[in-house]
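Colleague:
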Amino acid sequence: KTVRNYVILIGLICKIPSAISTNLPFFEGKKYEVIKSTNGEYILLQKTVGTKQVIENSDTLEEFYIRSPYEVPILDPSNFSHYRNDSKLPFINLKKDKNNPDDLIGTIIKKSVNLQPPIYWKESYFLLGYFNPAFVVWNNQTLVAWRSATVRGVQNSLLQFGWIADRHSNDFRTDPNLHHYGIGIDFVNTLGDIHDFPFKDDPRFLVLHDNSLLLTYATMSKDIRKQQFNTVILTLNSSTGKAQFGENIELKHPESGPAQKNWVPFEYHRKLYYIQRINPLTIVRPDDNDTTPLVREAKTVYKLDKVQLPWPDEYGELRGGTPALPILGYYLSFFHTRTYCQRPFKMATYLMGAITFCPHPPFNIHAVTYQPIVNESFYDGPWIWPSLDFGVYPSGIIYDRPHHHHENSNNKQHNNNHVNRSHDVWVSIGHQDKNAYIVKFDVIQLYRSMEVVSNC
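What follows is the structure, given as structure tokens:
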């Protein structure tokens, strides 16, 4: 009953009844339309090229629940009483006064805040147009990378790069000159196409011990249609002041199948490792002696038994997010999960949390947030698509130690030394596959709020 009352634009396609009158539209968008038939039924239509197909019909208009970012409503409020039309956001709700997907998300938010109050949350900033960005402090400047395509379905997306103006003054604009404080970088970089399908997604950064910069990202093969895990090393040419991209390498882990994504990079004793899976913890690393071009194999170096985590099972399996940084005795990373707690509505939701690992091999899981890190703004606005309502995707992490920051001090316009007296991390979080948040967390308060899984 619940499933029928809240149609998520998914259903059995059938022929259009001859009784439909196309002169009575109640809602019209680019892909969907609600009309009224001559016998009084309200019918939801899906538009295709030259045709319209019935998705669902109902005796009352209020039974439809439509909330899509791709629909531009053409609607007269006098036609019915139960609807929501927010002129600032391109979506509309038609629903009864019963539970709906957003109500379930609201319940998760309230539960999380009550059980694990976010005392570690310090401040946040909304960034328009950054698609799953990652950022890092490299050569005393803040570099950001993000996916260039902002429209879902565009499969030839590249990665864009820019220098953030002044993070400590909360100025997250990127320098349009792309030669910020003496360092040049390409705004859009193809990174070379390993496959014949130029698709690049979800970048991450990690500064290595020699001050080179690791960039990881996902790409896709046209044949396999599964995402692969790719790496490239950036170095700074001191004579030209230009950031140089090294060889593009796809890493494979034969034990894990063709689809690879969301590996968590970290360094230990000047060696690069990846957390290929969080639970059971699986850690891999490439062979230092392997010089095979384009595609190399990462081998398992540590694989532990699956452990019971305080994170609720119904919130989904822990998946990689930000790189893991050594902070106050542990490796800290922020993960994401995909939960299907919206099963009555056939919808998925992305959540995020924090996790720490022990500082020495085999890098056991030390502690986890036992509730999602939430904010009401994360779960508001139009859905990503009908089967996925809200998505948060942590990608970048910067650690601010307690000291004076001189970042950007060689630029006269930003010569404002910043004093940080607490241990803070900044996390970049992709939101709804088109925008982002930058959130600052107090590390000590975050650690205190987490539940210990195993001692190190």
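In the numbering used here, the protein residues as written are 50 to 505. We treat Cβ as the ideally placed atom computed from N, Cα and C, and that holds for glycine.
1. Pull up the distance between the alpha-carbon of residue 258 and that of residue 319, whole angstroms please.
2. Report the rounded CA-to-CA distance for residue 164 versus residue 191, giving the unit in angstroms.
3. Counting only the same chain and skipping the five closest in sequence on each side, list residues whose C-beta sits under 8 Å from that of residue 373.
4. State whether the stretch 419-429 contacts the stretch 150-158, with contact taken as three or more CB pairs (one from each stretch) at a distance under 8 Å.
5. For the alpha helix (DSSP H) holding residue 155, just list the boundary residues, first then last.
6. Tell me, which residues are paired with residue 348 by DSSP?
7. Could you tell me which of 388, 420 and 283 sits nearest to residue 554, measuring between CA atoms?
8. How is the alpha helix (DSSP H) around residue 498 delimited, first residue to last?
9. Helix or strand or just coil, what does DSSP make of residue 406?
10. Give the DSSP-derived three-state secondary structure of residue 182 in the structure shown.
11. Just checking, does the stretch 162-178 make contact with the stretch 428-447 on the three C-beta pairs under 8 Å criterion?
12. For residue 428, name the three-state secondary structure that DSSP assigns.
13. So if DSSP puts residue 284 in a beta bridge, which residue, or which two residues, is it bridged to?
14. Who are residue 196's beta bridge partners in DSSP?
15. Nearest by alpha-carbon distance to residue 277: which of 255, 362 and 301 is it?
16. Please list, in chain order, all residues of the same chain as residue 505 whose beta carbon is under 6 Å from its beta carbon, the five residues on each side excluded.
17. CB-CB under 8 Å to residue 326, same chain, minus the five flanking residues each way: which ones, in chain order?
18. Using the C-alpha atoms, what's the distance from residue 188 back to residue 284?
19. Given this structure, state the Cα-to-Cα distance separating residue 166 from residue 261, to the nearest angstrom.
20. Of the residues 331, 360 and 210, which one's Cα is nearest the Cα of residue 412?
21. Do three or more CB pairs link the stretch 396-405 to the stretch 491-499 at distances below 8 Å?
22. When you compare only the Cα positions, how much space is there between residue 476 and residue 215?
23. Would you kindly check if the distance between the Cβ of residue 478 and the Cβ of residue 442 is under 8 Å?
24. Determine the DSSP secondary structure at residue 145, reduced to helix, strand or coil.
25. Looking only at DSSP bridge pairs, what is residue 299 linked to?
26. For the beta strand (DSSP E) that residue 445 lies in, which residues bound it at each end?
27. Assuming residue 334 and residue 343 are in contact, meaning their beta carbons sit under 8 Å apart, how far apart are those beta carbons, in whole angstroms?
28. For residue 361, which option in 390, 340, 180 and 336 has the closest C-alpha, if you only look at C-alpha atoms?
29. Applying the 10 Å Cβ sphere with the 16-neighbour rule, what's the burial state of residue 338?
30. Which residues does DSSP list as the beta-bridge partners of residue 479?
31. So residue 251 is in the beta strand (DSSP E); what residue range does that whole segment cover?
32. Identify whether residue 473 lies in helix, strand or coil by the three-state DSSP scheme.
33. Please name the residue, chosen from 184, 363, 291 and 219, that lies closest to residue 266 on a Cα-to-Cα basis.
34. Out of curiosity, what's the CA-to-CA distance linking residue 358 and residue 400?
35. Quick one: what does DSSP say residue 316 is sitting in, helix, strand or coil?
Modeller: So, from the listed chains and residues:
1. For the purposes of this step, residue 258 is identified with residue 209 of the sequence shown, where counting begins at 1. For the purposes of this step, residue 319 is identified with residue 270 of the sequence shown, where counting begins at 1. The straight-line gap from Cα to Cα measures roughly 6 Å.
2. Along the sequence shown, one-based indexing puts residue 164 at 115. Along the sequence shown, one-based indexing puts residue 191 at 142. C-alpha separation (whole angstroms): 35 Å.
3. If you number the sequence shown from 1, residue 373 lands on position 324. Cβ within range, chain order: 313, 314, 315, 324, 380, 381, 382 and 406.
4. yes
5. As a first step, residue 155 must be located in the sequence shown, where it is residue number 106. Its alpha helix (DSSP H) spans residues 150-164.
6. Position 299 of the sequence shown, counted from the first residue, corresponds to residue 348. Residue 348 is bridged to 334.
7. Any answer about residue 554 is impossible in this case: the structure gives the chain only from 50 up to 505.
8. As a first step, residue 498 is located in the sequence shown; it is residue number 449 there, counting from the start. Segment 492-498, the alpha helix (DSSP H) holding residue 498.
9. For the purposes of this step, residue 406 is identified with residue 357 of the sequence shown, where counting begins at 1. In the structure shown, residue 406 sits in a strand (DSSP, three-state: E or B).
10. As a working mapping, residue 182 is identified with position 133 in the sequence shown. DSSP places residue 182 in strand when its eight states are reduced to three.
11. no
12. Position 379 of the sequence shown, counted from the start, is the residue given in the question as residue 428. Helix at residue 428.
13. Position 235 of the sequence shown, counted from the start, is the residue given in the question as residue 284. Beta-bridge pairing links residue 284 to 293.
14. Within the sequence shown, the letter at position 147 stands for residue 196. The partner list for residue 196 (beta bridge, DSSP) reads 180 and 208.
15. To locate residue 277, count along the sequence shown from 1; it is residue 228. That would be 301, whose Cα lies nearest to the Cα of residue 277.
16. Taking the first residue of the sequence shown as position 1, residue 505 is located at position 456. So the qualifying residues of the chain are 407 and 415.
17. The count along the sequence shown starts at 1 and reaches residue 326 at position 277. So the qualifying residues of the chain are 305.
18. In the sequence shown, the residue the question calls residue 284 occupies position 235. In the sequence shown, the residue the question calls residue 188 occupies position 139. For residue 284 and residue 188, the distance between alpha carbons rounds to 10 Å.
19. As a working note, residue 166 is residue 117 in the sequence shown. As a working note, residue 261 is residue 212 in the sequence shown. Going from the Cα of residue 166 to the Cα of residue 261 covers about 38 Å.
20. Taking the sequence shown and counting its residues from 1, the one referred to as residue 412 is at position 363. Checked all of 331, 360 and 210; the closest Cα to residue 412 is 331.
21. yes
22. The residue labelled residue 476 in the question sits at position 427 within the sequence shown. The residue labelled residue 215 in the question sits at position 166 within the sequence shown. Distance between the alpha carbons of residue 476 and residue 215: 16 Å.
23. Residue 442 sits at position 393 when you count from the first residue of the sequence shown. Residue 478 sits at position 429 when you count from the first residue of the sequence shown. For residue 442 and residue 478, yes; Cβs fall inside 8 Å.
24. One-based indexing of the sequence shown puts residue 145 at position 96. Low confidence applies here, because residue 145 scores a pLDDT of 36, under 50, leaving its location unreliable and the question unanswered by this model.
25. For this step, residue 299 is matched to residue 250 along the sequence shown. According to DSSP, which records beta bridges pairwise, residue 299 is partnered with 279 and 344.
26. The count along the sequence shown starts at 1 and reaches residue 445 at position 396. Residues 441-449.
27. The residue labelled residue 334 in the question sits at position 285 within the sequence shown. The residue labelled residue 343 in the question sits at position 294 within the sequence shown. The pair is not a contact, with the Cβ atoms about 18 Å apart (cut-off 8 Å).
28. The sequence position of residue 361 within the sequence shown is 312, counting from 1. Nearest option by C-alpha distance: 390.
29. As a first step, residue 338 must be located in the sequence shown, where it is residue number 289. With fewer than 16 other Cβ atoms within 10 Å, it is exposed.
30. In the sequence shown, counting from the first residue as 1, residue 479 sits at position 430. For residue 479, which the question treats as bridged, DSSP gives the partners 442 and 485.
31. The residue you call residue 251 lines up with position 202 of the sequence shown. Element bounds for residue 251: 249-256.
32. Counted from its first residue, the sequence shown places residue 473 at position 424. Strand at residue 473.
33. Walking along the sequence shown from the start, residue 266 turns up at place 217. The residue with the shortest Cα to Cα distance from residue 266 is 184.
34. Here residue 358 corresponds to residue number 309 of the sequence shown, with the count starting at 1. Here residue 400 corresponds to residue number 351 of the sequence shown, with the count starting at 1. In a straight line, the C-alpha of residue 358 is about 16 Å away from that of residue 400.
35. As a position in the sequence shown, residue 316 is number 267, starting the count at 1. Three-state result, residue 316: strand.
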